[in-house]
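Protein chains in written order, with the numbering used here: chain A, 65 to 303; chain B, 65 to 303; chain C, 65 to 303; chain D, 65 to 303.
A short worksheet on the structure shown next.
4 protein chains.
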Amino acid sequence: MPELQQLIEDLVAANHILYRHEIVDGYGHASIRHPGKPDRFLIAAAIAPGRVRADDILELDLDGNIVSGTKRPVYLERFIHAEVYRARPDVNAVIHSHSPTVIPFGVTDFPLRPIINQASCLQSGVPVYNSRLVPESTNVLVDSPATGRALVAKLAEHSVVLMRGHGNTVVAPDIRDAVARAIYTERNAKLLLQTLALNRPIEYLDPAEVETKNTGRQQSGPNLGVERLWQMWLDEIAA
Amino acid sequence: MPELQQLIEDLVAANHILYRHEIVDGYGHASIRHPGKPDRFLIAAAIAPGRVRADDILELDLDGNIVSGTKRPVYLERFIHAEVYRARPDVNAVIHSHSPTVIPFGVTDFPLRPIINQASCLQSGVPVYNSRLVPESTNVLVDSPATGRALVAKLAEHSVVLMRGHGNTVVAPDIRDAVARAIYTERNAKLLLQTLALNRPIEYLDPAEVETKNTGRQQSGPNLGVERLWQMWLDEIAA
Amino acid sequence: MPELQQLIEDLVAANHILYRHEIVDGYGHASIRHPGKPDRFLIAAAIAPGRVRADDILELDLDGNIVSGTKRPVYLERFIHAEVYRARPDVNAVIHSHSPTVIPFGVTDFPLRPIINQASCLQSGVPVYNSRLVPESTNVLVDSPATGRALVAKLAEHSVVLMRGHGNTVVAPDIRDAVARAIYTERNAKLLLQTLALNRPIEYLDPAEVETKNTGRQQSGPNLGVERLWQMWLDEIAA
Amino acid sequence: MPELQQLIEDLVAANHILYRHEIVDGYGHASIRHPGKPDRFLIAAAIAPGRVRADDILELDLDGNIVSGTKRPVYLERFIHAEVYRARPDVNAVIHSHSPTVIPFGVTDFPLRPIINQASCLQSGVPVYNSRLVPESTNVLVDSPATGRALVAKLAEHSVVLMRGHGNTVVAPDIRDAVARAIYTERNAKLLLQTLALNRPIEYLDPAEVETKNTGRQQSGPNLGVERLWQMWLDEIAA
């Protein structure tokens, strides 16, 4: 099953890349849908992302139970991943992080909209999950299937959902794209904050531009688009 | 006395972690209450935190005198630690730092309130110690038992007290938690400053959410909560 | 042909310097005009700038076709370079980047003007290329000769043109100067943004001052002006 | 002459420390007054500060001429140093830098005042040198004895003078203190800018507090005050 091995390597690398780019610190987690079993996903045991190795990856079912590998402590918020995979067949990778600069957009009603073309995943809209408005929730954490479902309801068909006072969740067709989306969501948030200092009308990305870009990405070959970034990121974490 | 050895190792590591995360620079200091003698505390001799080693740790009494180890220069502001330990039996670790982004909140009357769940230690309130209003004080430094007591009176039952034009003091039940509080106080300050650029109403952390979270932390096992961060921080300073 | 070898070494170094200074990430590219054939330019194959080596450098004609070296994937936006070399005989080096802090000035109408003397290349004006207003354009990328010409029309006689939601393009008489211009354009943008926080009238660089400075630069010898920077940058990427 | 050797070592270290703390980049320079000849000063040949070694240090007279060592290119702005040493017998060390965050305060009329106690050197006031208002000046650079004198007239009895669109000049009784002043001037500028985001009245440092602090510093022993910082900085550049 070489495809699975490659995916697990990618998942481990994703953890390290996200740590190096300060999208995650000691908290946050990344997962992939199992390539052969759509109702299973792969995610590390409950350790800091920068420390994850291949033998820390566990296989979980959509109720958040470990179904293979040694019994080890798992992330309290694994229901984020489980419920996304249950509701969104188009998604094969999920990242939950405390991406710093999305916080301001989660604790106010200022919309996080894209101003750079690499953040086109924000174009369809970026909803905010506010745990205080979720009856099933007792705190900001998504620590149950019910709160997982509430988060996924908020995410709807989008790529990114902010979580008030907490961070965000990013979904994508594959883990490399998910990492790119997480990194450029953070960068777009930072640049948008800076742009506001200019106190002038802002020209956001145009839906038409985004559509063309996405089509272009589908046509990318090796070392183009996200692949070019991925090879650089692998170099960075190997250094 | 293996517990003491472990605590001293933790204290040395805390110094290095705080330096690496730029909470302290050449100034600032961390201490722990002596595990066997509640009226003694352990703190480094007067050297920069990033350079502290186990044999730099001295034992002081609550008047700020060295009671064991070689006679060496001690921190001028050791009274911060002494007076906290005298007044707060619940506290076993104290960090005084020049944490950069708390400065703006100490020189204005804008309250530092939590917007991220890791900064729940700020929920009860963050008072500001203004040396100018303290009769016993001749400068911003807490360099006497009297100014130490004035600082502790301001701290009251809280976890963090800001010091105008100077930095802050963070207290906790143990040194690992104190480091987490210091790091996330800085991060929360930075994110709150950025949030203000959006010029919209801010939804701060909710007291109910915090209470649940604190309860949750009590139930944490190895590699959960602060322990997960601590293992990562140890890796970082060893790299 | 030792001159060509030196120029290719400089071009490779330029890629690494721009990466180290975070002017480029996985995207962005630098080129030089061929020293012996004015209608040819040298640019890397489509890989991340920080990974470029001498044997990745290709020779392209002004229609963007590879004319020497192995057939390899090329940058989609090579037309930026081709059309600049066609229209501007004074230019021998071009850098296209996603230089982060120029973004705010590209998505608003706030003019990017110089406030530091190292950014004197901004003095004549910094136009903004808005792909949305270019009939030949279907997205923000400059991926055709027609959009390349539109960008160059906007650049006109200036040294820097911003690209809305995308980045900028910097041109210079040689690659070392182009790197300096790219780095100090980013720094000037950052400092100008910070200056706006003061909410006071800003005294920009004076045209007369710039003219003198440029004259001075012409008289620079080894290790003066840009040469001093270049030697430092070489040390940095070798470290 | 062991004192001279120690001072030259300190001067070389100062160059590296300022580079590591990003107070200087490829430009900027530090000097010390010759300990035995008050009308001479020691400064590096015209190379980037981070690359300076002991054998790059030249001895210059107060007209800016090399009086010992090999004839090598010297800094165009050596007159900053020469004229400070001529006018200020209390000064034995001078740093000219492009310290980034002082720029906003040099291009507006917003006063740079101290909000942290380590920046007490700013308490007496921070004048701004505006080359545009200096008849002898043709550009922002201080490249002649006449502009050097104009800068020093602006500096007057203070410790720091800003230079519009350019950077600042910091003076001190010795080089270690000068480095501390340069670093904390930058930090204070950064924190003051951030504080302005809170849009509330600011409580600046109090003159009385500063006086006490300065007295305290005079009484510092080894590893106290600036000495503690210096040992840490030496560790950092050795790493």
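The C-beta atom is built at its ideal place from N, Cα and C for all residues, glycine as well.
Asked                                                                                                                : Found
In DSSP terms, what C:Leu106 is bridged to                                                                           : C:Ile96, C:Glu123
Cβ neighbour criterion (16 or more within 10 Å) applied to A:Ala302                                                  : exposed
Environment of C:Pro199 [buried if 16+ CB atoms lie within 10 Å]                                                     : exposed
Beta-carbon neighbours of A:His295, restricted to chain C and to distances below 9 Å                                 : In the sequence under discussion, the amino acid at residue 295 of chain A is Gln, which differs from the His named in the question. Here the neighbours are Gly90, Ile111, Ala112, Arg115.
Nonlocal neighbours in the same chain, by C-beta distance under 7 Å from A:Arg84, ignoring five residues either side : Glu300, Ile301
Beta-carbon proximity check, B:Ala118 vs B:Val76, cutoff 8 Å                                                         : yes
Chain B within 8 Å of A:Pro164, Cβ atoms only                                                                        : yes
Exposure label - D:Gly100; buried when at least 16 CB within 10 Å                                                    : exposed
Cβ pair D:Pro168, C:Leu255 closer than 8 Å                                                                           : yes
Distance, A:Ala146 Cα to C:Trp297 Cα                                                                                 : 48 Å
Proximal residues to B:Val243 (C-beta, below 6 Å), its chain only, five neighbours per side dropped                  : Ala78, Ile81
Short-range partners of chain A found in the stretch 212-228 of chain C, where Cβ spacing is below 8 Å               : Arg228
Helix, strand or coil at A:Ala236 [DSSP, three-state]                                                                : strand
Within chain D, partners of C:Gln258 - CB distance below 7 Å                                                         : Thr165, Pro168, Leu257
Close Cβ partners of D:Pro271 (< 8 Å) along its chain, the five nearest in sequence each way excluded                : Gln187
Nearest-angstrom beta carbon gap, A:Arg150 and A:Leu126 [assumed within contact, 8 Å]                                : 5 Å
Which of helix, strand or coil DSSP assigns to B:Ala55                                                               : Because chain B here runs from 65 to 303, residue 55 of chain B falls outside it and cannot be looked at.
Cβ pair B:Ala261, A:Leu257 closer than 8 Å                                                                           : yes
Proximity below 8 Å, CB of C:Thr172 to CB of A:Pro265                                                                : yes
A:Tyr248 and A:Ile179 closer than 8 Å at C-beta                                                                      : no
DSSP three-state assignment for C:Thr279, whether helix, strand or coil                                              : Residue placement at C:Thr279 is flagged as unreliable, the pLDDT there being 48, under the threshold of 50; a coordinate-derived value is accordingly withheld.
For B:Gly231: DSSP bridge partner residues                                                                           : B:Met227
Nearest residue (CA-CA) to D:Gly128, options D:Ser95, D:Ala112, D:Val155, D:Ile111                                   : D:Ser95
Short CB-CB distance (under 8 Å) between D:Ala94 and chain C                                                         : no
Residue(s) in a DSSP beta bridge with C:Ile130                                                                       : C:Leu124
Buried versus exposed, by CB contacts within 10 Å (16 or more), C:Arg136                                             : exposed
Minimum Cβ-Cβ distance from B:Thr249 to chain D less than 8 Å                                                        : no
Residues that A:Ala261 contacts on chain B, provided the C-beta gap is smaller than 8 Å                              : Ala261
For B:Phe143, the first and last residue of its enclosing alpha helix (DSSP H)                                       : 142-151
Bridge partners - D:Tyr193, DSSP secondary structure assignment                                                      : D:Met227
Other residues of its chain near D:Ser201: CB distance less than 6 Å, five sequence neighbours each side excluded    : Ser195, Thr211
Candidates A:Leu71, A:Tyr91, A:Pro66, of which the one nearest A:Gly231 by Cα                                        : A:Tyr91
Partners in chain B for D:Ile266, counting only beta-carbon separations shorter than 8 Å                             : Val171, Thr172
Cβ distance (whole Å) where D:His162 is taken to contact D:Thr233 below 8 Å                                          : 11 Å between Cβ atoms; not a contact.
Option in C:Ile144, C:Leu106, C:Val148 with minimal Cα separation from C:Gln69                                       : C:Leu106
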